[in-house]
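Every number in my numbering is 5 more than the matching position in the sequence shown, counting from 1. Note that the Cβ used here is the ideal one computed from N, Cα and C, for glycine as well. Here the structure is a predicted model, which means the values were calculated and not measured. Everything on this sheet refers to the single structure shown next.
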Amino acid sequence: MTREKLLYLETFGCQMNVSDSEKIAALLKGVGYQPTQDPSQADLVILNTCSVRAKAEEKVYNHLVQYKGLKRKKPGIILGVGGCVAQQEGERLLANVPHLDIVFGTHNLHLLPELVRAAEKGERLAEVGFIDNETRLDLFPVDERTDGVSRFVTVMQGCENFCSYCIVPYVRGREISRRSADILGEVRGMAGKGVKEVTLLGQNVNSYGLKSSGEMSFIALLREVSLIPGIERIRFTTSHPKDFSQPLIDCFAEIPKLCRHIHLPAQSGSNAVLAAMNRGYTREEYLGSIARLKAACPSIQITGDIIVGFPGETEEDFQATLSLMEEVRYTDVFSFIYSKRPETKAAGYADEVGQDEKQGRLSRLLDLQRRITLETNKSFVGTVQQVLIEGESRRGGQFYGRTSGNRVVNLAADVSLVGSIVNVMITRGDQNSLQGELCR
Ligand code: SAH
Ligand code: SF4
Ligand code: F3S
């Protein structure tokens with residue numbers, strides 16, 4: 006009997022890539038590759054990559070260097086790179102990395118079994134063509150997983166917003182919405198396997214369906230998903246502030262299954278910077294949406310993304326970002342130092358902020374956010390939160406779950422409660438999580 010073949014899959018970047026990696030694993034299982042956690046045992050190593058910032062891209066090259074040694078020891082091993090760096094670099098990657106066998110782009114996951122078969126025969130190939138129709142996302146099995154209470158469901162891919170700093174539209178292509186019938190079918194299938202929470206995933210979910218004739222809107226999709234028995238919680242990410250409409254705000258008050266959390270990236274609090282970023286909203290419009298959201302749903306938890314050191318950002322612009330953060334009182338913020346990306350409009354902008362200045366602004370921003378996060382986490386102490394128990398923590402005897410507002414809670418529980426929503430009294434608020442006790 007031949008030994009089963011093993012796949013080592015490394016994932017970088019956003020949830021879109023995490024979701025793609027699940028599809029990659031499922032597809033390769035279909036052609037005989039079982040997952041392994043040990044690259045030295047693997048017959049096939051795939052890196053699913055991110056190029057949103059230069060650091061993310063450098064990481065891929067560093068990992069590729071590490072695999073050079075492995076390939077020397079085990080020449081039969083196949084090495085592949087997919088995702089956003091693969092899309093950006095294409096054939097160049099094959100030319101620059103002699104020990105690489107396969108390059109596949111963000112629209113070419115379904116070709117992977119063919120590419121692997123060819124590589125098994127010694128060929129080196131790159132497939133990075135864009136495929137612009139909505140059938141693409143349904144070309145392959147997506148849900149081979151049988152574990153987990155919370156899952157991502159891709160509802161759309163690509164982005165056409167062209168924020169001036171961002172490479173995503175170039176590496177993910179045009180915006181394409183998946184057919185609602187397929188999405189709902191997938192969620193029903195997940196519910197049948199015990200999944201309790203789904204996160205609808207897209208670079209800009211607000212524009213779901215708008216470009217597909219006869220398709221339902223994102224709000225209608227949310228309502229349809231909420232009717233599926235067994236699904237108890239719904240989340241979505243990411244929304245763009247420029248398309249954040251009142252009907253979507255009303256959903257937080259009207260759909261009980263919709264979790265009380267929104268990720269709404271502001272990127273900056275300065276109108277001059279927002280305009281240069283091509284974000285399509287002002288500080289006042291953003292804060293107006295936040296105020297309406299808090300009015301519709303007072304318990305909503307808001308998270309966001311901020312970029313510091315965008316070309317031309319002055320100290321005054323940066324102060325405007327800090328004051329926006331104080332006003333919104335984000336529960337958490339992902340903050341990034343601006344990174345110049347190929348092809349993007351901002352790559353041609355003058356007035357780059359110096360590296361030390363960027364670092365200094367980032368640490369001031371982090372200090373502020375740490376304070377707000379801790380204050381927020383402490384404010385939950387003494388409240389009862391509904392927590393979906395997701396699994397056992399690494400710390401013995403402890404389990405973890407999340408509140409509707411997406412705060413992580415650690416608590417003593419037992420395995421029979423995994424997958425249940427339970428009432429938890431919050432006893433402590435730490436910097437990164439909450440501690441609680443089951444209400445019996
Ligand atoms: N579609 C989502 C996520 C995009 S990428 C959205 O629009 O919100 C995730 C985050 O990376 C962005 O929100 C932004 O804050 C950050 N980012 C993107 N390009 C960047 C760049 N060139 N430099 C620094 N941060 C960047
Ligand atoms: Fe990038 Fe802007 Fe699209 Fe988000 S909305 S993926 S930041 S271009
Ligand atoms: Fe990175 Fe691509 Fe996601 S660039 S952030 S993995 S869409």
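The Cβ atoms of I307 and I295 lie closer than 8 Å to each other.
Taking every residue with its beta carbon within less than 6 Å of a heavy atom belonging to the ligand SF4 gives, in chain order, C164, N166, F167, C168, C171, V173, P174, Q208, N209, H245. Secondary structure of R238 (DSSP, three-state): strand. For V427, the CB contacts under 7 Å within the same chain, skipping 5 residues up- and downstream, are V392, I394, L443 in chain order. Cα atoms of I136 and F109: separation of roughly 13 Å, rounded to the nearest angstrom.
Taking C-alpha positions only, A131 is separated from T432 by approximately 54 Å. Contact check for Q436 against R375 passes: the beta carbons are separated by less than 8 Å. Taking every protein chain shown into account, the CB of R122 has fewer than 16 other CB atoms within 10 angstroms, so this residue is exposed. Annotation for R376: the continuous alpha helix (DSSP H) segment containing it runs 360-384. For T54, the enclosing beta strand (DSSP E) stretches over residues 49-54.
Taking all protein chains shown into account, Q390 has 16 or more neighbouring C-beta atoms within 10 Å of its C-beta and is therefore buried. Annotation: the continuous alpha helix (DSSP H) that includes T326 extends over 320-333.
Residue state for M282 is assigned as coil, using DSSP reduced to three classes. Assignment of G88 by DSSP, reduced to helix, strand and coil, places it in the helix class. Here Q208 is not near C264, since their CB atoms are 8 Å or more apart. Between K10 and the set V23, H112, D356, K34, the nearest pair of CA atoms involves K34. For a cut-off of 8 Å, the C-beta gap from N53 to I29 is around 7 Å, short enough to register as a contact.
D310 has its Cβ nearer than 7 Å to a heavy atom of the ligand SAH. Between the ligand SAH and the CB of F341, the shortest heavy atom gap is smaller than 7 Å. Three or more beta-carbon pairs separated by less than 8 Å link the stretch 218-233 to the stretch 180-195, which places the two stretches in contact. Inter-residue distance for S344 and R58 is about 5 Å (C-alpha atoms, whole angstroms).
Per DSSP, the continuous alpha helix (DSSP H) segment holding V173 begins and ends at 173-177. Three or more pairs of CB atoms, one per stretch, sit closer than 8 Å, so the stretch 349-368 contacts the stretch 156-170. According to DSSP, residue pairing for K10 in a beta bridge involves Y38.
Membership of A351 in any beta strand (DSSP E) is not indicated, and neither H nor E is assigned to it by DSSP. Around the beta carbon of L215, fewer than 16 other beta carbons lie within 10 angstroms, which makes this residue exposed. With fewer than 16 other CB atoms across the displayed protein chains lying within 10 angstroms of its CB, T388 is exposed. Under the three-state reduction of DSSP output, N411 falls in the coil class, being neither helix nor strand. Remark: the shortest separation between the CB of Q92 and any heavy atom of the ligand SAH does not fall under 7 Å. Straight across, the Cα-Cα distance linking T381 with T336 is about 6 Å.
In this structure, K201 and G424 form a Cβ contact; the two beta carbons are roughly 6 Å apart against a cut-off of 8 Å. Annotation: R334 to I377 spans about 7 Å, alpha carbon to alpha carbon. For G406, the beta-bridge partners assigned by DSSP are I394, V414.
If you draw a straight line from the Cα of L32 to the Cα of V65, it is about 23 Å long.
Taking C-beta separations shorter than 8 Å and ignoring five residues to either side along the sequence, the partners of K60 in its chain run S344, following chain order. Relative to the ligand F3S, the nearest heavy atom lies less than 7 Å away from the CB of C55.
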